[in-house]
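Chemist:
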């Protein structure tokens, strides 16, 4: 910042260090985190581009041949497709099934995390900003929510609502919002007493604008870290619920449901129906966690040397 | 202290009431029990009589009061599937779940302590880094998938361990236990390990952190200066001090272990409460669902209450904060 001209405008140098650029270069300094991001990007692209990439549409019954059921990985089916990861009991190509399953898993995971983040962050901000009774009521509910294991709360909600993608998203939002609320409240309580908020109050800005325009952006770093980790958790939880038969319906199988479908064949040695969707789930969760773990180091100023 | 205790108990009681309302409204108001309870052939008169007999014509709050009144007498309804009192069915399955939960807590200490100790004593070795990376996997992998992989490797490929059920059981204190017979022990090993995964990672991390902290303490230096052997310093002096927090945390995990046994029991077909609730949800056996949820909620409230009271006994700061 030493290159300041007489008029006061900074010289447009190509390599000015902005906080964002510093963040990017620090993030890519870690090889494992970069790998995680690359792998996750590939997975996300696979999921988004599923109809154009998958060898067959596993839910178009016209393309399925029951005679191709439970083929081993690498076998060539009746329609001439090589099933690199084998087929399931309906004769579906497992690779296609996994790519389409990723779609549902990512959609539910990311969607629920996003909604939970919106709900949780708003309530957390409100609690920190309003304080007093509002704060204690919101945080009491958060404490209560966090004292019950997520799986139990999700189970309870799905027992009431029944199966369905929307119901799973609702259940995940209800069990996850508390994590966001607690995180945002924690950082907002620190930020609230800083001078810029005082200045904004003195300017008599509307509360809404102080909350979302000034307070919220400064609470973002920890929220991003928690959000990343929660996406992985949501995907794992959705897979678990679907595996138990309480999650997504059979017509829209996520990875968890694919694994459940192959479970009965596993005991007779036909491992691939469960095994490969499991690997896809594992790679997805681990890649997100690698990114999140490193984000925590980069975004937390206390950990900086 | 007494005021704090009373206040905390009152709070727990209010939570229990709130949860019972949620469970009651959730189960009884969302679905229509008439559809399930009354045969479709019944005519209008029979239907009305049945509705009145079941108390379904009362307003919801009166139905709730009846539900509470019966629940207090230990009557949580009869299972549609087993035609037995729901509470009795759940209590019958409870020993299996508790056995699995305690088995997994035991395993988590047995496996996690030595690994954590090693990782804490030699933090820079390759083995320690592998242990720590493994503990991250233990935190992030879905339990059910690890369970499937265990079955695939040890039951299907190698054929070493049985994949389902409790195996032979022996009777102790009038209850059936698997761990008393060799066959039962083989059956419990995989599910207990599967359920223990998360806690093993937890114990490894706690032990490692504890060891690294304790090794720098003056009393350890003094013990060394006294000329005690390395083994004696580690296993007597250091160990004693790290054991307390580790055991406390594992104990606190009891509740969530019982909750997560839902997954493990389903994978390994372990006949406990967890498998029962999943089966009941799938066949819409409402009384069993309600009874299970109420028991588990009660269990959690009691566990949380005990933990809070223990903390306030152990750490006076908590008490002072509550007073202020």
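Chains as they are written, first to last, in the numbering used here: chain A, 122 to 426; chain B, 208 to 531. Backbone N, C-alpha and C define an ideal beta-carbon position, used for all residues, glycine too.
In three-state terms, what does DSSP make of residue 367 of chain B?
Modeler: Here residue 367 of chain B corresponds to residue number 160 of the second chain, with the count starting at 1. In the structure shown, residue 367 of chain B sits in coil (DSSP, three-state: anything other than H, G, I, E or B).
Chemist: Would you check if the distance between the CB atom of residue 402 of chain B and the CB atom of residue 519 of chain B is smaller than 8 Å?
Modeler: If you number the second chain from 1, residue 402 of chain B lands on position 195. If you number the second chain from 1, residue 519 of chain B lands on position 312. The answer is no: Cβ separation not under 8 Å.
Chemist: Could you give the residue range of the beta strand (DSSP E) that holds residue 382 of chain B?
Modeler: Here residue 382 of chain B refers to the residue found at position 175 of the second chain. It spans 382–384 - the beta strand (DSSP E) in which residue 382 of chain B sits, taken as one unbroken run.
Chemist: Can you confirm whether residue 335 of chain B, when its beta carbon is compared against all beta carbons of chain A, has any partner nearer than 8 Å?
Modeler: Taking the second chain and counting its residues from 1, the one referred to as residue 335 of chain B is at position 128. Not closer than 8 Å to any Cβ of chain A, the Cβ of residue 335 of chain B fails to qualify, so no.
Chemist: Could you pull the start and end residues of the alpha helix (DSSP H) that residue 340 of chain A belongs to?
Modeler: In the first chain, counting from the first residue as 1, residue 340 of chain A sits at position 219. Premise fails: residue 340 of chain A is in no alpha helix (DSSP H) and is neither H nor E.
Chemist: Count Cβ pairs between the region 493–506 of chain B and the region 278–288 of chain B that sit closer than 8 Å; are there 3 or more?
Modeler: Because the criterion of three Cβ pairs below 8 Å is met, the region 493–506 of chain B and the region 278–288 of chain B touch.
Chemist: What do you get for residue 245 of chain A, buried or exposed, if any count of 16 or more other CB atoms within 10 angstroms of its CB means buried?
Modeler: For this step, residue 245 of chain A is matched to residue 124 along the first chain. Classification of residue 245 of chain A: buried, given that the 10 Å Cβ count is 16 or more.
Chemist: Check the Cβ of residue 361 of chain A against every Cβ in chain B and list those closer than 8 Å, keeping chain order.
Modeler: Counted from its first residue, the first chain places residue 361 of chain A at position 240. By Cβ distance, chain B contributes 349, 350, 351 and 470.
Chemist: At least one CB of chain B closer than 8 Å to the CB of residue 276 of chain A: is that the case?
Modeler: For the purposes of this step, residue 276 of chain A is taken as residue 155 along the first chain, with counting starting at 1. Taking Cβ atoms only, chain B reaches closer than 8 Å to residue 276 of chain A, which makes this a yes.
Chemist: Whose C-beta lies closer than 7 Å to the C-beta of residue 470 of chain B among residues of the same chain, with five residues either side of it excluded?
Modeler: For this step, residue 470 of chain B is matched to residue 263 along the second chain. Within the same chain, residue 470 of chain B has close Cβ partners 350 and 351.
Chemist: To the nearest angstrom, how far is the alpha carbon of residue 243 of chain A from that of residue 473 of chain B?
Modeler: For the purposes of this step, residue 243 of chain A is identified with residue 122 of the first chain, where counting begins at 1. For the purposes of this step, residue 473 of chain B is identified with residue 266 of the second chain, where counting begins at 1. Straight-line Cα distance between these residues: approximately 37 Å.
Chemist: Short of 9 Å Cβ to Cβ, which residues in the region 218–232 of chain A face chain B?
Modeler: Listed by position, the residues of the region 218–232 of chain A near chain B (Cβ gap below 9 Å) amount to none.
Chemist: Relative to the C-alpha of residue 513 of chain B, which candidate in B:458, B:475, B:502 and B:489 has its C-alpha closest?
Modeler: Indexing the second chain from 1 puts residue 513 of chain B at position 306. Of B:458, B:475, B:502 and B:489, the residue nearest in Cα terms is B:458.
Chemist: Shorter than 8 Å from the beta carbon of residue 234 of chain B to some beta carbon of chain A?
Modeler: Stepping through the second chain from its first residue, residue 234 of chain B is reached at position 27. Output row for residue 234 of chain B: interface = yes.
Chemist: Give me the Cα-Cα distance between residue 292 of chain B and residue 383 of chain B, rounded to the nearest whole angstrom.
Modeler: By one-based count along the second chain, residue 292 of chain B stands at place 85. By one-based count along the second chain, residue 383 of chain B stands at place 176. Their backbone Cα atoms lie some 20 Å apart in a straight line.
Chemist: Taking contact to mean at least 3 C-beta pairs separated by less than 8 Å, is the region 344–356 of chain A in contact with the region 402–409 of chain A?
Modeler: At 8 Å Cβ cutoff, the stretches touch.
Chemist: Below 8 Å on C-beta distance, what does residue 268 of chain A contact in chain B?
Modeler: Translated into positions along the first chain, residue 268 of chain A becomes position 147. Near residue 268 of chain A (Cβ distances below 8 Å), the residues of chain B are 507 and 511.
Chemist: Please classify residue 124 of chain A as buried or exposed, where buried requires at least 16 neighbouring CB atoms within 10 angstroms.
Modeler: As a position in the first chain, residue 124 of chain A is number 3, starting the count at 1. Reliability of the predicted coordinates at residue 124 of chain A is poor, the pLDDT of 46 falling under 50, and the value obtained from them is presented with this limitation in mind. Flag for residue 124 of chain A reads exposed.
Chemist: Which complete alpha helix (DSSP H) runs does the region 237–272 of chain A hold, if anything under 4 residues is left out?
Modeler: 253–268, all fully within the region 237–272 of chain A.
Chemist: When you compare the CB of residue 363 of chain B with every CB in chain A, is at least one pair closer than 8 Å?
Modeler: Here residue 363 of chain B is taken as the residue at index 156 of the second chain, counted from 1. Interface residue, yes.
Chemist: Is the CB of residue 399 of chain A under 8 Å away from at least one CB in chain B?
Modeler: The residue given as residue 399 of chain A occupies position 278 in the first chain. Residue 399 of chain A counts as touching chain B.
Chemist: Chain B partners of residue 392 of chain A, CB-CB under 7 Å?
Modeler: The residue given as residue 392 of chain A occupies position 271 in the first chain. Near residue 392 of chain A (Cβ distances below 7 Å), the residues of chain B are 359.
Chemist: So, are the CB atoms of residue 347 of chain A and residue 304 of chain A less than 8 Å apart?
Modeler: On the first chain, position 226 is the one that residue 347 of chain A refers to. On the first chain, position 183 is the one that residue 304 of chain A refers to. In contact: residue 347 of chain A and residue 304 of chain A (Cβ atoms closer than 8 Å).
Chemist: State the DSSP-derived secondary structure class of residue 143 of chain A, mapped to helix, strand or coil.
Modeler: Taking the first chain and counting its residues from 1, the one referred to as residue 143 of chain A is at position 22. Correct three-state label for residue 143 of chain A: helix.
Chemist: Where does residue 372 of chain A fall in DSSP's three states?
Modeler: For the purposes of this step, residue 372 of chain A is identified with residue 251 of the first chain, where counting begins at 1. Residue 372 of chain A falls in the coil class under three-state DSSP.
Chemist: For residue 285 of chain B, which residues does DSSP report across the bridge?
Modeler: Position 78 of the second chain, counted from the first residue, corresponds to residue 285 of chain B. B:292, per the DSSP bridge assignment.
Chemist: Could you check what DSSP says for residue 155 of chain A in three-state terms: helix, strand or coil?
Modeler: Here residue 155 of chain A corresponds to residue number 34 of the first chain, with the count starting at 1. In this structure, residue 155 of chain A counts as helix in the three-state DSSP scheme.
Chemist: What number of angstroms, rounded off, separates the C-alpha of residue 267 of chain A from the C-alpha of residue 507 of chain B?
Modeler: The residue you call residue 267 of chain A lines up with position 146 of the first chain. The residue you call residue 507 of chain B lines up with position 300 of the second chain. One C-alpha to the other measures close to 12 Å.
Chemist: Just checking my contact of residue 418 of chain B with residue 444 of chain B at CB under 8 Å: how many whole Å lie between their CB atoms?
Modeler: By 1-based counting over the second chain, the position of residue 418 of chain B is 211. By 1-based counting over the second chain, the position of residue 444 of chain B is 237. With a Cβ gap of about 12 Å, residue 418 of chain B and residue 444 of chain B do not count as contacting.
Chemist: Identify the continuous alpha helix (DSSP H) that holds residue 310 of chain A and give its terminal residues.
Modeler: Residue numbering aside, residue 310 of chain A sits at position 189 when the first chain is read from its first letter. Counting along the chain, the alpha helix (DSSP H) containing residue 310 of chain A begins and ends at 286–313.
Chemist: Over what stretch of residues does the alpha helix (DSSP H) that includes residue 331 of chain A continue unbroken?
Modeler: For the purposes of this step, residue 331 of chain A is identified with residue 210 of the first chain, where counting begins at 1. Where residue 331 of chain A is concerned, there is no enclosing alpha helix (DSSP H), given that its DSSP letter is neither H nor E.
Chemist: Against residue 370 of chain B, what residues of chain D qualify as contacts under a CB-to-CB distance less than 8 Å, listed in chain order?
Modeler: The question asks about chain D, but that chain is absent: this structure's protein chains are A and B.
Chemist: Do residue 451 of chain B and the ligand SAH come close, with the Cβ less than 7 Å from some heavy atom?
Modeler: In the structure shown, the ligand SAH is absent, as is every other ligand, since no ligand is present at all.
Chemist: In the DSSP output, what is residue 214 of chain A paired with across the bridge?
Modeler: Your numbering for residue 214 of chain A matches position 93 in the first chain. Note: residue 214 of chain A sits in a beta bridge opposite A:208.
Chemist: With a threshold of 8 Å between beta-carbons, can residue 222 of chain B be considered close to chain A, or not?
Modeler: On the second chain, position 15 is the one that residue 222 of chain B refers to. By this cut-off, residue 222 of chain B is an interface position.
Chemist: Got a sec? Which residues, its chain only, sit under 6 Å from residue 217 of chain A by beta carbon, not counting five neighbours each side?
Modeler: As a working note, residue 217 of chain A is residue 96 in the first chain. Only 175, 176, 177 and 179 meet the Cβ criterion.
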